[in-house]
């Protein structure tokens, strides 16, 4: 019974890790990456679509991203979306391509990015704790109802904490990697 309760939250914890990964990929460091722009949504014919569905995204150099829209009619929408998202990016349209030159990181921008990373970490860990607390409450309730034995309850608490520690460690690793990227 308690194993089922714990297993039930694991997919939710995986979603948190996926979310953290996506969020961190969208945070700018000193180097260009397609992940910076691929999920930005552009309004194409009344439908909001991520840029990665509207064209090929690649790197021209460590500080340049090139977007090659599948159709010329997407250029203006993509350009507008990039400007609106304002990650300090200035898209330049050259023929049928959109070029983004990443300016060097200022100390002010670096500090801002570090704050954003800290917020992502805090939100992820808070959400992990919320799932842990919900599972623990459910385990305690089932114990009160006699569906879980008292000694199983404490075994479940240890297993739950192991799971939480595992996912907190994954968050720490992702955050650490991004902070190193930001410094380097």
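Residue numbers (the working numbering): 20 to 203.
We treat Cβ as the ideally placed atom computed from N, Cα and C, and that holds for glycine.
Remember, it's a predicted structure, so these values are computed and weren't measured experimentally.
Asked                                                                                                                                                          : Found
Just to check my reading of the structure: residue 190 and residue 144 have Cβ atoms closer than 8 Å, yes? What is that Cβ distance to the nearest angstrom?   : 6 Å
Got a sec, what are the start and stop residues for the alpha helix (DSSP H) residue 81 sits in?                                                               : Premise fails: residue 81 is in no alpha helix (DSSP H) and is neither H nor E.
Whose C-beta lies closer than 7 Å to the C-beta of residue 96 among residues of the same chain, with five residues either side of it excluded?                 : 61, 62, 63
Spell out a yes or no on whether the stretch 146-161 and the stretch 114-129 are touching, meaning 3 or more CB-CB pairs, one atom from each, closer than 8 Å. : no
Looking at the unbroken beta strand (DSSP E) that takes in residue 112, where does it start and where does it end?                                             : 109-113
Per DSSP, residue 187 forms a beta bridge with which residues?                                                                                                 : Answer is none; residue 187 lacks a bridge partner.
Based on Cα-Cα distance, which residue from 148, 79, 90, 32 lies nearest to residue 53?                                                                        : 79
Tell whether a beta-carbon distance below 8 Å holds between residue 84 and residue 51.                                                                         : yes
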